[in-house]
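Throughout, the working numbering is defined as the position within the sequence shown, counted from one, plus 818.
Ideal Cβ placement from N, Cα and C applies to all residues, glycine included.
All values derive from a computational prediction rather than experimental measurement.
For reference, the structure is listed below as structure tokens.
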Amino acid sequence: MAAQKINEAHEHIAKAEKCLKTGLTKWKPDFDSAASEYAKAAVCFKNAKQYEQAKDAYLKEAEYHTENKTAIEQAGMMMKEQKKMPEAIQYIEKACMMYMENGTPDTAAMALDRAGKLIEPLNLEKAVDLYQKAAGVFENEDRLRQAVELLGKASRLLVRLRRLDEASVALQKEKNMYKEIENFPMCFKKTTAQVLVHLHRGDFVAADKCVRESYSLPGYSGSEDSVAMETLLQGYDEQDEDQVYRVCNSPLLKYMDNDYAKLAISLRVPGGGGKKKKAAAAPQGGASGAPAAAEDEDDYEGGLC
């Protein structure tokens, strides 16, 4: 089967080359037909798992069919199949630039998002860059719901990378977008994430400020989120380890996105010596949170501040 597909691919390449030839009766190359034959050759090579040759055929298709930018992205996917991720991302980014130039920014943003997912297991820094670029494209198109989703991915990775200053800026931008589209419950969640990031940065004033500012959001005052943050900030300010522990191991914080939940369970009060409350001493109903705290304790051991 593979051999048959490879033979078919070479037949299509021969036809493509014939389309490009000129002579006495044919003065102009037939670029469209050549591009079509290279596209067919690429599919045959892909089906035969000859990814390097498939990549070359896709690039030839793109060369002769300048309106079809997806061929370059497909060349990148062939590099992905060979585990050549840096090369794959380069091709996809090139395709995205062409999508933008061709007036299809949505396609560019979605391709950047796909590239971010591909590179995330290998290179978090590059994934952050790609998600932020994709968010920027959607934001420019006033597609705020799509933009804020991608910003959220970047924020979480910035926390994982412990680039907390940048994470705090990204979270504020997320919150502003959610406010603009009037998704206030998500604003509440972003405020909680901001507080955790600021406290790990050692900036109590910034943490307190973002809570105060959130009281202008409809429904925030008296909400579960605001009560939890007031209690957390009070415990942190008064160096009350028990109070901080109770809030940080409550379901509200424990079931946040994993990167923020880890910030919660690793938070220590200044001067508290980094002592973790034992499960046996946890308040009624709080013991269920203790195993999760112990399990993840090493992720940010001793906190970040």
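Integer-rounded CB distance, given that residue j should sit under 8 Å from residue i
{"i": "L1050", "j": "V1013", "result": "7 Å"}
{"i": "A906", "j": "M897", "result": "4 Å"}
{"i": "A872", "j": "K864", "result": "4 Å"}
{"i": "K971", "j": "G934", "result": "7 Å"}
{"i": "L1071", "j": "V977", "result": "Going by Cβ atoms, the distance from L1071 to V977 rounds to 14 Å, so no, they are not a contact pair."}
{"i": "A1089", "j": "Q1057", "result": "As written in the sequence, residue 1089 is Gly, which differs from the Ala given in the question. Sure, about 6 Å apart at Cβ, within 8 Å."}
{"i": "K1170", "j": "A866", "result": "Beyond the ends of the chain as shown, which are 819 and 1123, falls residue 1170; an answer cannot be given."}
CA-to-CA distance, residue j to residue i, given in whole angstroms
{"i": "C1123", "j": "R932", "result": "In this predicted model, C1123 has a pLDDT of only 35, less than 50, meaning its place in the structure is not dependable; the value taken from the coordinates is given anyway. Cα to Cα, the separation comes out at about 34 Å."}
{"i": "Y917", "j": "L982", "result": "33 Å"}
{"i": "A1011", "j": "D1077", "result": "10 Å"}
{"i": "G841", "j": "Q868", "result": "33 Å"}
{"i": "P939", "j": "A945", "result": "9 Å"}
{"i": "S1068", "j": "D1026", "result": "20 Å"}
{"i": "G1120", "j": "S1084", "result": "Reliability fails at G1120, whose pLDDT of 40 lies under 50, so the model's placement of it is uncertain and no value is given."}
{"i": "D1055", "j": "V1087", "result": "8 Å"}
{"i": "S1044", "j": "L942", "result": "32 Å"}
{"i": "L962", "j": "K1008", "result": "16 Å"}
{"i": "K792", "j": "C1005", "result": "Any question about residue 792 goes unanswered here, given that the chain covers just 819 to 1123."}
{"i": "P904", "j": "H1016", "result": "34 Å"}
{"i": "I999", "j": "D947", "result": "24 Å"}
{"i": "D1021", "j": "E1059", "result": "18 Å"}
{"i": "I910", "j": "L930", "result": "7 Å"}
{"i": "M1047", "j": "P923", "result": "39 Å"}
{"i": "K836", "j": "I937", "result": "39 Å"}
{"i": "Y876", "j": "K991", "result": "38 Å"}
{"i": "A821", "j": "A880", "result": "25 Å"}
{"i": "Y949", "j": "V1023", "result": "30 Å"}
{"i": "E891", "j": "D850", "result": "19 Å"}
{"i": "A985", "j": "E899", "result": "32 Å"}
{"i": "D1075", "j": "N825", "result": "50 Å"}
{"i": "A860", "j": "E967", "result": "34 Å"}
{"i": "D960", "j": "A913", "result": "22 Å"}
{"i": "Q908", "j": "K902", "result": "10 Å"}
{"i": "D848", "j": "S973", "result": "48 Å"}
{"i": "M895", "j": "M819", "result": "22 Å"}
{"i": "Y882", "j": "V955", "result": "27 Å"}
{"i": "G829", "j": "K844", "result": "This sequence places Glu at residue 829; Gly is not what is there. If I take the Cα positions, the gap works out to 21 Å."}
{"i": "E870", "j": "E919", "result": "27 Å"}
{"i": "A893", "j": "M928", "result": "16 Å"}
{"i": "H1018", "j": "D874", "result": "49 Å"}
8 Å Cβ shell around residue i - same chain, five flanking residues per side excluded
{"i": "P1036", "result": "F1002"}
{"i": "M915", "result": "A926"}
{"i": "L969", "result": "Y949, Q950, A953, A988, K991, E992 and M995"}
{"i": "L846", "result": "Note that residue 846 is Lys in the sequence shown, not Leu. The residues are T840."}
Bounding residues of the alpha helix (DSSP H) (the contiguous stretch that carries residue i)
{"i": "G1037", "result": "G1037 -> no alpha helix (DSSP H), and no H or E assigned at all."}
{"i": "N825", "result": "A820 to L838"}
{"i": "A866", "result": "Per DSSP, A866 belongs to no alpha helix (DSSP H) and is neither H nor E."}
{"i": "M995", "result": "L982 to E998"}
{"i": "Y917", "result": "M903 to E919"}
{"i": "M1074", "result": "Taken as a continuous stretch (DSSP letters only), M1074 belongs to no alpha helix (DSSP H), as it is neither H nor E."}
{"i": "K792", "result": "The structure shown has nothing for residue 792, since the chain only spans 819 to 1123."}
{"i": "D1060", "result": "E1059 to C1066"}
{"i": "G970", "result": "L962 to R978"}
{"i": "N941", "result": "Looking at the DSSP string, N941 is not in any alpha helix (DSSP H), and its letter there is neither H nor E."}
{"i": "A888", "result": "What sits at residue 888 in the sequence shown is Thr, not Ala. Start and end: T888 to E899."}
Beta-carbon contacts of residue i that lie in its chain and below 6 Å, excluding the five residues immediately before and after
{"i": "A834", "result": "A852, E855 and Y856"}
{"i": "L979", "result": "L942"}
{"i": "V1029", "result": "M1047"}
{"i": "A1079", "result": "K1072"}
{"i": "A827", "result": "A859, C862 and F863"}
{"i": "I831", "result": "A859"}
{"i": "P878", "result": "Note that residue 878 is Lys in the sequence shown, not Pro. So the list reads Y856, once near-sequence residues are dropped."}
Same chain only: Cβ atoms within 7 Å of residue i, ignoring 5 sequence neighbours per side
{"i": "S1039", "result": "Y1033"}
{"i": "S1041", "result": "F1006"}
{"i": "E957", "result": "A965"}
{"i": "V1062", "result": "L1050, G1053, Y1054, L1085 and V1087"}
{"i": "E1031", "result": "none"}
Proximity test, residue i beta-carbon vs the ligand SAH heavy atom, cut-off 7 Å
{"i": "A1079", "result": "Among the components modelled here there is no ligand, and therefore nothing to report on the ligand SAH."}
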